[in-house]
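Q:
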Amino acid sequence: MPYKKPVSVLVVIHSPDRQILLLERAAHPGYWQSVTGSQEDDEALIDTAVREVGEETGIAVTVDRLIDWQQTNTYEIFPEWRHRYAPGVTENTEHVFSLEVPRETPVRIAPGEHLGHCWLPLEEAAAKVFSWSNRDAILALPSRQKICGAA
61 MPYKKPVSVL VVIHSPDRQI LLLERAAHPG YWQSVTGSQE DDEALIDTAV REVGEETGIA
121 VTVDRLIDWQ QTNTYEIFPE WRHRYAPGVT ENTEHVFSLE VPRETPVRIA PGEHLGHCWL
181 PLEEAAAKVF SWSNRDAILA LPSRQKICGA A
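Numbering of the sequence shown is given in the working numbering, commencing with residue 61 and proceeding in unit increments.
1) Just to confirm my understanding: we take VAL67, look at its own chain, exclude 5 residues before and 5 after, and list those with CB closer than 6 Å. What are they?
2) Classify ALA185: buried if its beta carbon has 16 or more other beta carbons within 10 angstroms, exposed otherwise.
3) Under the DSSP definition of a beta bridge, which residues are partnered with HIS88?
4) How is the alpha helix (DSSP H) around ASP107 delimited, first residue to last?
5) Taking the alpha-carbon of LYS65 as reference, which of GLN79, GLY97, LEU182, LEU81 has the nearest alpha-carbon?
6) Leaving out the 5 sequence neighbours to the left and right, which residues in its chain are closer than 6 Å to CYS178 when beta-carbon positions are compared?
7) To which residues of the same chain is ALA146 closer than 7 Å at the C-beta, ignoring the five residues directly before and after it?
8) Three-state secondary structure (DSSP) at ILE198?
9) Is the separation between the beta-carbon of VAL95 and that of VAL71 shorter than 8 Å?
10) Around the Cβ of VAL189, are there at least 16 other Cβ atoms within 10 angstroms (buried) or fewer (exposed)?
11) What does a CB cutoff of less than 8 Å around ARG204 pick up in its chain, not counting 5 residues either side in sequence?
12) Starting from GLU154, trace the beta strand (DSSP E) both ways and give me its first and last residue.
So this is what it looks like as structure tokens:
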């Protein structure tokens, strides 16, 4: 199995009233997160985001519906997951996106990756996620919506 690239996307999926979709990791019950995933080969980051949203939630999305925040976070890869990366790789660069969908949008989780999903108000979602970068992205959503012209 080839090593994962230390480049990933984080996609905060939310409803118009700022309910946040969270997924519970199958390998770590109790670890909740937004959609995340690593870039494959020479895939454009926006295409990584589209692919990961589809794989992890079953939501079909086109690139024009995703908002690229033009923001990156660099963080240390948890030691338990470093075996997925080339020897010596300890940091990942994450690119942040968001996607607005109606709250009623059907969600079909990837059973091998996630145990379940939930929609939570922004503050509750931020408190529930295990990752600081995910928390910060959720909390930044209202200001990002204003920048992009949404309510």
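Even glycine gets a Cβ: it sits at the ideal position worked out from N, Cα and C.
A: Taking the structure as given:
1) Exclusion of the five residues before and after VAL67 leaves GLN99, THR153 as the residues of its chain whose Cβ lies within less than 6 Å of its Cβ.
2) Label assigned to ALA185: buried.
3) In DSSP, HIS88 forms no bridge with anything.
4) Note, ASP107: alpha helix (DSSP H), 105-117.
5) Selected option, being the one with the closest Cα: GLY97.
6) Sequence-distant partners of CYS178 (beyond 5 residues in either direction) whose C-beta falls short of 6 Å from its own C-beta, in its chain, are LEU82.
7) The residues are TYR63.
8) Helix.
9) The answer is yes: Cβ separation under 8 Å.
10) Buried, by the Cβ-count rule.
11) Within the same chain, ARG204 has close Cβ partners ILE127, TRP129, SER158.
12) Here the beta strand (DSSP E) through GLU154 covers 151-160.
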